[in-house]
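J.: Got a structure for you, questions after.
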Amino acid sequence: AGARSAIAACERSLARLRVEAIDLYLLHWRGRIPLAETVGAFERLRRDGKIHSWGVSNFDTADMRELLALPEGRQCAANQVLYHAGERAIEFSLLPLCRERNIDVMAYSPLGQGSLLDDRGLVAIARRVGATPAQVALAFVLAQPGVVAIPKTASLAHLRDDVAARDLVLDATARAEL
2 AGARSAIAAC ERSLARLRVE AIDLYLLHWR GRIPLAETVG AFERLRRDGK
52 IHSWGVSNFD TADMRELLAL PEGRQCAANQ VLYHAGERAI EFSLLPLCRE
102 RNIDVMAYSP LGQGSLLDDR GLVAIARRVG ATPAQVALAF VLAQPGVVAI
152 PKTASLAHLR DDVAARDLVL DATARAEL
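Right under this line is the structure:
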């Protein structure tokens, strides 16, 4: 966060990654620095071609409204938040606001940091539809308009399971159970 620190951090990331531009640059936590200052820095980075777009992380509805009230706040491309079948609080106001403003939601921990994989209901649905619990949990998140998931993948087998989840269509009964 902040004008100088956001630009300096981006420059370090570009050097470390050995790239000329970052596709999506996120403000991880707001901190106490005025939001307008950080947004101004992000817009400068975007104008300079160092980032293609920017977003925020862990912004609730009030934070998003404050952001969107800024002249350049409408340039926000994404909000990365906790979201999974067991944690759905964003569905009430944050997710509708982001959809209305065409801001993608990036669901982190879409498997509930692994806790969902042992959920009896989720396991039963997975058996019934011929998928793994992880695939069902990911399919639930991916079925939400304007939502992408960023699951941790520690092995090639997990990666294959994750990719297969995008083609899994949950029927109305499974969605209702979830």
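2 is the number of the first residue of the sequence shown in our numbering; add one for each residue after it.
Glycine residues also receive a C-beta, built at the ideal position from the N, C-alpha and C atoms.
As the structure is a computational prediction, the values presented were derived from the model and not from experiment.
Am I right that VAL106 and VAL57 are in contact with their C-beta atoms under 8 Å? What's the rounded C-beta distance?
T.: Within the sequence shown, the letter at position 105 stands for residue 106. Within the sequence shown, the letter at position 56 stands for residue 57. Not a contact, Cβ separation roughly 11 Å.
J.: Which runs of the alpha helix (DSSP H) at least 4 residues long sit entirely within the stretch 45 to 133? Give them in chain order.
T.: As far as the stretch 45 to 133 is concerned, its whole alpha helix (DSSP H) runs of at least 4 residues are 62 to 70, 95 to 101, 121 to 130.
J.: Please work out which residues of its chain come closer than 7 Å, Cβ to Cβ, to ALA175, disregarding the five sequence neighbours upstream and downstream, and give them in chain order.
T.: Translated into positions along the sequence shown, residue 175 becomes position 174. Cβ neighbours of ALA175 beyond the five flanking positions: ILE126, VAL130.
J.: Can you give me the C-alpha to C-alpha distance between GLU178 and CYS11, rounded to a whole angstrom?
T.: Numbered from 1 along the sequence shown, position 177 holds the residue referred to as residue 178. Numbered from 1 along the sequence shown, position 10 holds the residue referred to as residue 11. If I take the Cα positions, the gap works out to 43 Å.
J.: What's the C-alpha gap between SER6 and ALA173?
T.: Locating residue 6 in the sequence shown gives position 5, where the first residue counts as 1. Locating residue 173 in the sequence shown gives position 172, where the first residue counts as 1. Approximately 48 Å, taken between the alpha carbons.
J.: Would ILE104 be called buried (16 or more neighbouring beta carbons within 10 Å of its own) or exposed?
T.: In the sequence shown, the residue the question calls residue 104 occupies position 103. Answer is buried; the Cβ neighbour count reaches 16.
J.: Determine the burial state of PRO111: buried for a count of at least 16 other Cβ atoms within 10 Å of its Cβ, exposed for fewer.
T.: Sequence index remark: in the sequence shown, residue 111 carries index 110 (1-based). With 16 or more other Cβ atoms within 10 Å, it is buried.
J.: Under 8 Å, do HIS85 and VAL142 count as touching if we go by C-beta distance?
T.: The count along the sequence shown starts at 1 and reaches residue 85 at position 84. The count along the sequence shown starts at 1 and reaches residue 142 at position 141. A contact, by the Cβ cut-off of 8 Å.
J.: Given a threshold of 16 other Cβ atoms within 10 Å of its Cβ, counted over all protein chains shown, does PRO181 qualify as buried or as exposed?
T.: Beyond the ends of the chain as shown, which are 2 and 179, falls residue 181; an answer cannot be given.
J.: Measure how close the beta-carbons of ALA42 and ILE8 come, nearest whole angstrom, since I'm counting them as under 8 Å.
T.: Reading the sequence shown from its first residue, position 41 is the one you call residue 42. Reading the sequence shown from its first residue, position 7 is the one you call residue 8. About 5 Å; that satisfies the 8 Å criterion.
J.: Could you tell me the boundaries of the beta strand (DSSP E) in which ALA155 lies?
T.: For the purposes of this step, residue 155 is taken as the residue at position 154 of the sequence shown. Looking at the DSSP string, ALA155 is not in any beta strand (DSSP E), and its letter there is neither H nor E.
J.: According to DSSP, is LEU27 helix, strand or coil?
T.: Residue 27 sits at position 26 when you count from the first residue of the sequence shown. Three-state DSSP puts LEU27 in a strand.
J.: Suppose you measure from the CA of VAL82 to the CA of ARG89; what does that come to, to the nearest Å?
T.: Residue numbering aside, residue 82 sits at position 81 when the sequence shown is read from its first letter. Residue numbering aside, residue 89 sits at position 88 when the sequence shown is read from its first letter. Cα-Cα distance, rounded: 11 Å.
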